[in-house]
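Chemist: If you scroll down you'll find the structure; I have some questions about it.
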Amino acid sequence: MVTERPCFDTHCHFGTDGETVRGQLERARAAGVVKVLAMGCDPDANRGAVLAARTAPDLALLSLGFDHSQADSLTPDAACAFLREFRDDARNPPLACVGEIGIDLHWKPGTEAAQTPLFEAQLGLADEWNLPVSIHTRESDEAILRSIDAVPQRNRKGMRGSIHCFTGSWELARELLDRNFLIGISGIVTFRNAEMLRDVARRLPADRILVETDSPYLAPVPMRGKRNEPAFVPHVVECLAKLRNVSCEEMARQTTQNAQACFVGG
Ligand SMILES: [Zn+2]
């Protein structure tokens with residue numbers, strides 16, 4: 001049974017219906033979730049993230065960005081102009097992160113050249129603002145590493161953030177850890193066929209693991225088939241605790257501390 005433990009959902013998406021968002025945030029609070037990072041990725045998800053941050057400013061941190069799905073319709077300049085304008089307007093909630101951003105060659109094979117400029121422009125913006133990023137990668141390991149290495153890092157703190165919903169190999173995880181990133185573990189770790197991810201989750205250094213739901217997708221066992229939401233993130237914590245042979249309390253404490261340091265500037 002999932003009891004109340006302070007968890008931090010580092011990657012979740014919200015819709016734009018106020019009542020639904022309010023309910024999701026209330027249930028998260030009741031489940032012991034102390035922070036969620038409300039994540040954009042396209043215009044609708046960006047609106048949903050802003051709505052969550054306005055609805056519960058103490059609970060929901062805001063991340064805005066444009067992912068691979070927007071590479072055909074949005075120039076890097078237009079994406080950055082939107083983000084700058086949003087951030088400059090004092091009436092808006094503060095930005096805690098840029099994301100999600102990334103490169104996906106599973107859904108869009110052969111389009112690396114088209115996706116890369118949008119990704120790198122937002123990496124550069126996050127560096128300029130000294131903000132963390134939340135990165136999506138799928139069948140694009142080489143491309144993601146190339147971009148991370150290519151973007152000049154002006155900030156002393158260097159580039160940082162999460163590789164969200166990680167499903168890659170241990171070798172990829174190591175490359176990303178070497179580059180200062182944390183690894184976001186989603187409900188996929190609870191799935192029957194996710195043995196490779198469980199192996200990675202066992203081997204990660206304790207101070208480099210984050211938990212997330214990536215809601216509304218990927219509901220963890222035992223919530224499979226339901227619409228995922230931040231209140232389910234304790235199930236990810238519970239699974240990780242078992243894999244790593246620590247208590248759920250310790251797993252929640254450690255991942256929350258990691259997330260605070262990355263996204264709240266602790
Ligand atoms: Zn996402």
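Note that the sequence shown covers residues 1 to 266 in the working numbering.
From the three backbone atoms N, C-alpha and C, an ideal C-beta is built for every residue, glycine too.
Report buried or exposed for T255, applying the criterion of at least 16 other Cβ atoms within 10 angstroms of its Cβ.
Modeler: The residue you call residue 255 lines up with position 255 of the sequence shown. With 16 or more other Cβ atoms within 10 Å, it is buried.
Chemist: Here's the rule: buried if 16 or more other CB atoms are within 10 angstroms of the residue's CB, otherwise exposed. What is N228?
Modeler: Against the sequence shown, residue 228 aligns to sequence position 228. Label assigned to N228: buried.
Chemist: Since L95 and R84 are thought to touch, with beta carbons under 8 Å apart, how far apart are those beta carbons, to the nearest angstrom?
Modeler: Here residue 95 refers to the residue found at position 95 when the sequence shown is read from its first residue. Here residue 84 refers to the residue found at position 84 when the sequence shown is read from its first residue. So it is not a contact: roughly 10 Å between Cβ atoms.
Chemist: Less than 7 Å between C-beta atoms, sequence neighbours within five positions excluded: which residues of the same chain meet that for R203?
Modeler: Within the sequence shown, the letter at position 203 stands for residue 203. If we look at R203 and ignore the five residues flanking it on each side, its Cβ neighbours are W170.
Chemist: State buried or exposed for K242, treating a residue as buried only when at least 16 other CB atoms are found within 10 Å of its CB.
Modeler: Along the sequence shown, one-based indexing puts residue 242 at 242. That one is exposed.
Chemist: Take the Cβ of D159 as the centre, count every other Cβ of all protein chains shown within 10 Å, and call the residue buried at 16 or more, exposed below.
Modeler: Here residue 159 refers to the residue found at position 159 of the sequence shown. Contrary to the premise, residue 159 reads as Met rather than Asp in this sequence. Classification for M159: buried.
Chemist: Are there 16 or more other CB atoms within 10 angstroms of the CB of L207, so buried, or fewer, so exposed?
Modeler: Here residue 207 refers to the residue found at position 207 when the sequence shown is read from its first residue. The sequence shown places Asp at residue 207, rather than the Leu named in the question. That one is exposed.
Chemist: Need the endpoints of the beta strand (DSSP E) that K35 sits in, please.
Modeler: For this step, residue 35 is matched to residue 35 along the sequence shown. Segment 33 to 39, the beta strand (DSSP E) holding K35.
Chemist: In three-state terms, what does DSSP make of E100?
Modeler: Start at 1 with the first residue of the sequence shown, and residue 100 comes out as number 100. E100: strand per DSSP, three-state reduction.
Chemist: Quick check on P230: buried or exposed, where buried means 16 or more other Cβ atoms within 10 Å of its Cβ?
Modeler: For the purposes of this step, residue 230 is identified with residue 230 of the sequence shown, where counting begins at 1. Buried is the call here.
Chemist: Report the option in A126, A28, A173, I163 whose CA atom is closest to the CA atom of R154.
Modeler: The residue you call residue 154 lines up with position 154 of the sequence shown. Closest option to R154, Cα to Cα, is A126.
Chemist: Using only the heavy atoms of ligand 1, determine whether one of them is closer than 7 Å to the beta carbon of M251.
Modeler: The residue given as residue 251 occupies position 251 in the sequence shown. No, the beta carbon of M251 sits no closer than 7 Å to any heavy atom of ligand 1.
Chemist: In the DSSP assignment, the alpha helix (DSSP H) including T55 goes from what residue to what residue?
Modeler: By 1-based counting over the sequence shown, the position of residue 55 is 55. 43 to 55 is the extent of the alpha helix (DSSP H) around T55.
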